[in-house]
Amino acid sequence: MKITVVGTGYVGLVTGTCFAETGNEVTCVDIDVNKVKKLSEGQITIYEPGLEKLFERNLKEDRLFFTTSLEEGIKDAEVIFLALPTPPGADGAADLSYVLNVADHLGKIMTDYKVIVDKSTVPVGTAEKVTAAIAKNCKAPFDVVSNPEFLREGVAVDDFMKPDRVVIGTQSERARKVMGDLYAPFVRQGNPILFMDEKSAELTKYAANSFLATKISFMNEIAILCEKLGADVDMVRRGIGSDERIGKRFLFPGIGYGGSCFPKDVQALVKSSEDVNYNFKILNAVMEVNETQKLFLLPKIKAYFNNNLKGKHFALWGLAFKPNTDDIREAPALYIINALLEEGATVSAFDPEAMKNVRQVVGDKITYAEHQYTCLENADALIIATEWSVFRTPDFNKISAALKNKAIFDGRNLFETGRMKELGYHYESVGRTPSTL
Ligand code: UDX
């Protein structure tokens, strides 16, 4: 099948590459000239495990192309995916201008039947708006389909190749057949393709992400309670997670959820609810809990240093919003950095993938270490903000030799509290009894 993907961000590039991998001919369109040049020359523009190999192979085998021209990109394409940004606007609602501009343009240049697929996370009712924007100028027949993505960064290729489910919102039989054929190779193992109406598909995406965010904020509040009551959140997590109705996954407390999806999607669903005069009470609380959770470690750090962080130097391990990505959007680490700098402290950071991105935002307000251990030099304490595997079994001798105080503030519960006590650390984490010296 000939496919076009408009937008070559995380979602667009993964979508395009994975469809090419199953034998389709895919043209990716982006307005960013530099990006298109790089991608055409075989230089991948994002870090996503496993993607580069597929990207190189499909480029070499002439199944994957890049262009800045929408007109050229959609020539002969049967399906056009819109994987464009939908950032939160000033009022918290998703800004649809990128999506609607492209829809408008498509209407002017389409000459034969095409299926236009909303892959971006868009509010309920967007398929109707996209249909209207295309129809304004279009003489050719077309269908607009909502096909939300459920890709997790870091495992996006796997999620695309073996999805738990594929959600397709359309009421057109013709589009249903096209989409069913396109996704058939991805659901061979028996996971479902769920066909539904456009609005239900659009809401499914927001409901899924908001539910997961709710799980996290709920566990973060349980963690706070554990500390106050002297319980251990790891035990509580295991205790409730073994109930199949609750499930083991997504119950890890920490320093809040971040990334490009959860914060924006929860906010957008709250806004959509307000637009229809409904106050989504739970989600307002989910957002409020997450805001405070990002700075959960700060009072603990301040208490350890007698409420004075002026002139203190901190080593920070982890900048990405989660491991296996270089994405720093809404990363709790950025909030911690700002708070520490405001208190008059200095920061040296290390992250296996995200330092380049942080440098662009934070610049030389902090220093960037080449290695996780050189990051510790002259630091008064170590703070951990992302659970990268390389931080999980560190050389504690090297840590204690480099740090001025044997103090670790861990926002991701990487170490056993008992072990840290044995090793003589002042160790504070989330929802567990601290080991204090
Ligand atoms: C998420 C959804 O999982 C995906 O289906 C959707 O399409 C896009 O948004 P992603 O943003 O890549 O994917 O990250 P995910 O792995 O879901 O983690 C989101 C955030 O939740 C991270 O900040 C992570 O640290 C946090 N998290 C996750 C927790 O704090 N605790 C957990 O138990 C799980």
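Residue numbers (full-length UniProt numbering): 1 to 437. C-beta: ideal position from N, C-alpha, C; glycine also.
Remark: the C-beta of residue 242 is outside contact range of the ligand UDX, defined as less than 7 angstroms to any heavy atom.
Closest in C-alpha terms to residue 258, from the list 188, 283, 229 and 322, comes 322. The residues 140, 141 and 142, in chain order, have a CB closer than 7 angstroms to that of residue 113 in the same chain once the five nearest residues on each side in sequence are set aside. About 5 angstroms separates the beta carbons of residue 26 and residue 64, which is inside the 8 angstroms limit, making them a contact pair.
Remark: fewer than three beta-carbon pairs, one from each stretch, lie closer than 8 angstroms, so the segment 367-379 and the segment 331-341 are not flagged as touching. Within the segment 134-220, the complete alpha helix (DSSP H) segments at least 4 residues long are 156-161 and 173-183, listed from N- to C-terminus. In this structure, residue 151 has its beta carbon less than 7 angstroms from a heavy atom of the ligand UDX.
Exclusion of residue 408 from the 7 angstroms shell around the ligand UDX follows from its C-beta lying no nearer than that to any non-hydrogen atom of the ligand.
In the structure shown, residue 82 falls within a strand segment according to DSSP collapsed to helix, strand and coil. Short of 6 angstroms from the beta carbon of residue 402, and not among the five residues preceding or following it, lie these beta carbons of its own chain, in chain order: 376 and 377. The three-state secondary structure of residue 312, taken from DSSP, is coil. Relative to the ligand UDX, residue 306 has its C-beta separated by 7 angstroms or more from all heavy atoms. Residue 435 is bridged by DSSP to 427. Less than 8 angstroms separates the beta-carbon of residue 83 from that of residue 15.
With a 10 Å radius around the Cβ and a threshold of 16 neighbouring Cβ atoms, residue 229 comes out exposed. Pairwise C-beta distances place the segment 186-205 out of contact with the segment 215-231, as fewer than three of them are shorter than 8 angstroms. Counting only the Cα atoms, residue 104 lies some 13 angstroms from residue 128. The Cβ-Cβ distance between residue 253 and residue 430 falls below 8 angstroms.
In the DSSP annotation of this structure, the continuous segment of the beta strand (DSSP E) that includes residue 382 starts and ends at 381-384. When only Cα atoms are considered, residue 74 and residue 36 end up about 16 angstroms apart. With distances taken between CA atoms, residue 332 lies nearest to 412 out of 91, 285, 374 and 412.
For residue 51, the CB stays at least 7 angstroms from every heavy atom of the ligand UDX. A direct Cα-to-Cα measurement between residue 351 and residue 175 gives close to 44 angstroms. Secondary structure at residue 347: strand, using DSSP grouped into helix, strand and coil. Check the Cα spacing between residue 119 and each of 243, 359 and 10: the tightest is with 10. In the DSSP annotation of this structure, the continuous segment of the alpha helix (DSSP H) that includes residue 300 starts and ends at 298-304. The beta carbon of residue 388 sits closer than 7 angstroms to those of 318, 323 and 352, all from its chain and outside the five residues before and after it, given in chain order. Closest by C-alpha distance to residue 251, out of 342, 240 and 409, is 240.
Note on the segment 45-105: whole beta strand (DSSP E) runs with a minimum of 3 residues are 64-67 and 79-82, in chain order.
Residue 25 sits in a strand when the DSSP states are folded into three classes. The beta-carbon separation of residue 133 and residue 107, rounded to 6 angstroms, stays under the 8 angstroms limit for a contact. Apart from sequence neighbours up to five positions away, the residues of its chain that approach residue 216 with a beta-carbon distance below 7 angstroms are 250 and 257, ordered along the chain.
Nearest to residue 311 by C-alpha distance, out of 297, 358, 380 and 374, is 380.
Relative to the ligand UDX, the nearest heavy atom lies less than 7 angstroms away from the CB of residue 257.
Pairing residue 4 with residue 30 gives a Cβ-Cβ distance that is not under 8 angstroms. In the three-state DSSP reduction, residue 409 falls in the strand class (E or B).
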